[in-house]
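Engineer:
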Amino acid sequence: MDGAPRVPEQRRPGSEEPAMLRFSVLGPVRAWRDDEQLPTGSPQQRALLAALLLREGRTATAAELIDALWGEEPPSQALAAVRTYASRLRKALDAGVLVSESGGYAVRGLAEGALDLGVAQELAAQAEKARGAGDLSHAREVLGRALALWDGEVLAGVPGPYAEAQRVRLEEWRLQLLESRLDMDLEQGCHAEAVSELTALTAAHPLRERLRELLMLALYRSGRQAEALAVYADTRRLLADELGVDPRPGLKELQQRILQADPGLAEPSAPVTGPAVTPVRPAQLPATVPDFTGRSAFVSELGEVLASAEGRVMAVSALAGIGGVGKTTLAVHVAHQARSAFPDGQLYVDLQGAGPRAAEPETVLGSFLRALGTADSAIPDSLEERAALYRSVLDGRRVLVLLDNAKDAAQVRPLLPGTEGCAALVTSRVRMVDLAGAHLVDLDVMSPDEALQLFTKIVGEERVASEREAALDVVAACGFLPLAIRIAASRLAARRTWTVSVLAAKLADERRRLDELQAGDLAVKATFELGYGALEPAQARAFRLLGLADGPDISLAAAAAVLDLPAEETEDLLESLVDTSLLESAAPGRYRYHDLVRLYARACAERDEWPPNEREAAMSRLLDFYLATAAAVYAIERPGDRLVDHLEHGEFPGLRFDNRHEAQDWLYSEANCLLACASQSVRSGDPRRAVDLLWAAKDLAESGAAARDYEAAATAARDAARAAGDVQAEGRARTTLTDAHLAAGRFAQADDEVSQAAALAQRISDPALNCWVPNHRGVIAVYGGRHAEGAVHLQEALTNFRSDGNLAGEANALCNLSRSHLAMGHTSSAIELAREGVGVYDRLGHTLRGANGRYALGLALAQAGELTHAVEQLTEALEVFRDSRQRLWEGMAIFRIAEILLSERKPAQAAAHAEQSLAVLRGIGGDWRRGNVLTVLGRALYDIGHLDRAQACWREALSIYEDLGSPEATEVRGLLLPVAAA
């Protein structure tokens, strides 16, 4: 289809078939009947049609049409020509559409929406209405549809003064709509995304101050204050040079607000017209229990502290006590009672401090900021920036924050509001004496009376009244611990045939309790013993073994591996455990333990699992499952790569996938669990398979999806392998660390790891190391400017890959060798090597790595001056990188296209691409790559006249290069000198 607007049905006279007649003027003047494009004749004939269409059914006299087509100097036969054009159009269009009237002509009888301009006007009106109602999301979407109707230059190729005037009018309207949409983009927090588009627009329309103002605001909200101020300096100089005027007051005011770091600029402002958008008021508190019992003194004490929040900088109360003592229940109850004092919302998070993987403060802050209405694109990366933005968002609001199950004060501090009128409740198993200004509360077990009251509320007055002594025995056996009492009472309430005495007798059996319900974790374990003891043997085994895995949750397939059971039987067992509340269903096909329950399950495994080596066997099966499945992902993404043949092979099979997208989905969704398994296996003394798992899952480091955890696991594996004297495992671990450092742009660390891996590879016969170590050494040498050395290493890698029969590895080495030749100025051989590598990849059906080959070929073609072909290769690679979620290479491909556009003297497009590259590479690729992109962005901005902003980019790039000791610093200093002199 052509993208022209659809119109309702029209019928030709005498025809039963509906006809779709529609026109476009927001581009070339065209007409369609159904999907058939109709002839509109010569440029003057199209000018006549356009003049009639733009009158929206009103009659145009012959004189008006002559003036529209030719202006003040019409030809002698102008009137005859107009009549001829009208006659031809009448024949081309449906009967009755072009009519003669009062010596003139008109286009009549068109259905609603037949003209693209009319559709755009209707959509713009809808967008304005939605914006006025506060529905920015819908307004942006509708306005985007309106802008999409433009198809190049309005009335393209149509002559005459009327067409020229309409072109100017409609282009001005388009820019107004675009500014309105960009304004709404910023109001919704899409600052980083808007920078690229605004950079290109300001280059195309340098004197349009509203676009400059939006660009300044977008840059400032993206944390790029220096560039925002540079935009103002560029604008002021341009207006003075071109028009002899100063910037308008609004632009000056924005500059001052940026200089003063006005907090009002940190958040999107409300729309000027229409009702104000209702701010997001989170209500995240968990439901309070209806049978809350006792704790009256604590409720009163905490309530008074929260009530004082209005006149204090911040009210903080920290509840401490053993697991299961009721900290969360009390905190939630108090928070609900205080809701009216915090009308702007309540935030809640479980910080998982009792488990091995406490929640990261930056992750929690990201969740809180989203709950408070902050767009994902506006949330910064670092902990410090997120904490600062969080406090800014809360400024002027009255919000209660409940931080449950905290690990320590260090975890809590970044999450405290810090502003007057806000308050925080914190629960933890440790007393937070180092949390400055906090009101500390030590929560002990219940009194016997309170414990009996809680038990009675859950079980029922009638059942307890007749067996009061037995009920006292029950709560005493529970150690008066609220969680234990609740679990015991709930079991009794669910079993109407049991009496209280039956439950008391079960609890009296010491085999059903641990160490007579002592305080601390044993008390928690004793409460869970109630449910565990009622399980069937198969359920109990599943409960014990699944608790051994370190991951945040576990999939059904992984659980089946742990239990060595079919998936169907495993699912039945897990669902039965969910029914007992000993396991949670995190999502369809995924399961998790509460952190305390997991600890208890592990204690049960240590105590009850027989033979004892079954625990190790279960974790070994899990490792086998992850290794086999990760190897399957590697194989489907890299056909012909023999690395998988050299990996350790376990006894338990993994999953198989129908396509690479399905494989990638598994890898990224299982990243945390897979890496946790690798780390756990390393600690258990099995580094060899763990290292191979990491190697097979190397995409997690390269894509940035889990780079930090990947690197930590690889480091632990390296150290464990070295301690165990396992040369192969250490060499492979160092190779995986090399991959991680390369992806992060840490070339010195990568060089150190691969050099030691090379020394280890000489001591053993390992085809995988013999191939990949020299390949990595060659890549690192090229990055370090040691091009000849890089070529030697890469030639060695190529030879070894060929000896191993590793076609994919051969292609990889060829493409890397191309980069080396290119750096040495051997452009022809670089092109040949890259083409040879791409050819191998294509024969193998190697989509992802084929894209890496096309990336190398694009670079070589660009250096050879074949810029069009280079962009074709890089664009094809870019599409694959995006589809494969390879952010590093996606960002680098965009960067390389920006370099080519700059060399083609298309600086505005180059700047837009460089901005996109910065956005994609955010948080990945390392500072050196960021410096390269900033350098190119500065060049592009300089060429479009944004001198101050260009200088800001170069200064940042220079700072990066100087910190790294990179030779590129000299080039950037050279760029800065002419600007400073100017």
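According to the working numbering, the stretch in the sequence shown is residues 16 to 997, in order.
Backbone N, C-alpha and C fix where the C-beta goes; we use that ideal spot for every residue, glycine too.
1. By the DSSP assignment, the beta strand (DSSP E) with N420 in it spans what residues?
2. Is DSSP giving L496 helix, strand or coil here?
3. Could you check how far apart the C-beta atoms of L893 and E905 are, in whole angstroms? I think they sit under 8 Å.
4. Among all the DSSP beta bridges, which residues are the ones paired with Y606?
5. Using only the alpha-carbon positions, how far apart do D131 and Q52 sit?
6. Between G740 and the ligand GDP, is the CB less than 6 Å from at least one heavy atom?
7. Quick one, are the C-beta atoms of R70 and V44 less than 7 Å apart?
8. Cα separation between N687 and E156?
9. Which first and last residues belong to the beta strand (DSSP E) in which V122 is found?
10. How long is the line joining the alpha carbons of D457 and T730, rounded to whole angstroms?
11. Which word fits G452, buried or exposed, when buried means at least 16 other C-beta atoms lie within 10 angstroms of its C-beta?
12. Just the C-alpha distance for A65 and V112, rounded to the nearest angstrom, thanks.
13. Could you tell me if A705 is buried or exposed, where buried requires 16 or more neighbouring beta carbons within 10 angstroms of its beta carbon?
14. With DSSP as the reference, label F313 as helix, strand or coil.
15. What residues in its chain sit with their C-beta under 7 Å from that of F896, if we drop five residues either side in the sequence?
16. Going by the CB atoms, is the gap between L417 and A356 shorter than 7 Å?
17. For V456, which of helix, strand or coil comes out of DSSP?
18. Among all the DSSP beta bridges, which residues are the ones paired with P264?
19. Which whole-angstrom value describes the C-beta separation of L192 and L213, a residue pair presumed to lie in contact below a C-beta threshold of 8 Å?
20. Is it buried or exposed for I975, if we count other Cβ within 10 angstroms and need 16 for buried?
21. Closer than 8 Å is the cut-off here; do at least three beta carbon pairs connect the region 475-482 with the region 503-521?
22. Can we say the region 246-266 touches the region 969-985, given the rule of at least three CB pairs closer than 8 Å?
23. Does T883 pass the burial test, meaning 16 or more other C-beta atoms within 10 Å, or should it be called exposed?
24. Excluding the five sequence neighbours on either side, which residues of its own chain have a C-beta within less than 6 Å of the C-beta of R428, listed in chain order?
25. Which residues in the same chain have their Cβ closer than 7 Å to the Cβ of S600, if we skip the five residues on either side of it in sequence?
26. Could you pull out every residue in the same chain whose Cβ sits closer than 6 Å to the Cβ of D536, ignoring the five residues on either side in sequence?
27. My parser needs the alpha helix (DSSP H) runs of 4 or more residues fully inside the region 30-95; what are they?
28. Three-state secondary structure (DSSP) at A879?
29. Based on DSSP bridge pairs, tell me the residues matched to L440.
30. If you follow the alpha helix (DSSP H) that E726 is in, where does it begin and where does it stop?
31. Would you kindly work out how many angstroms separate the C-alpha atoms of E977 and A984, rounded to a whole number?
32. Suppose the cutoff is 8 Å on Cβ atoms and the five residues either side in sequence are ignored; what does the same chain contact list for G289 look like?
33. Round the Cβ separation of E242 and L234 to the nearest angstrom and send it over; I've been treating them as touching at under 8 Å.
34. Is D410 helix, strand or coil when you go by DSSP?
35. Check D536 in the structure and name its three-state DSSP category.
36. Using a threshold of 7 Å, state whether the C-beta atoms of L362 and F383 are closer than that.
Structural biologist: On the basis of the data shown:
1. L415 to A421
2. coil
3. 6 Å
4. I569 and S600
5. 15 Å
6. The model depicted lacks the ligand GDP and carries no ligand whatsoever.
7. no
8. 35 Å
9. G119 to V122
10. 40 Å
11. exposed
12. 14 Å
13. buried
14. helix
15. A866, W904, E905 and A908
16. no
17. strand
18. In DSSP, P264 forms no bridge with anything.
19. Not a contact, Cβ separation roughly 15 Å.
20. buried
21. yes
22. no
23. exposed
24. none
25. V593 and Y606
26. Here D536 scores only 35 on pLDDT, less than 50, and its place in the model should not be relied on; the value that follows carries that caveat. Answer for D536: no residue qualifies.
27. 58-69 and 77-85
28. coil
29. S332 and L417
30. A722 to A739
31. 6 Å
32. In this prediction, G289 scores a pLDDT of 36, lower than 50, which makes its location untrustworthy; no coordinate-derived value is stated.
33. 5 Å
34. coil
35. Annotation note: pLDDT 35 at D536 (below 50); position unreliable, no value reported.
36. yes
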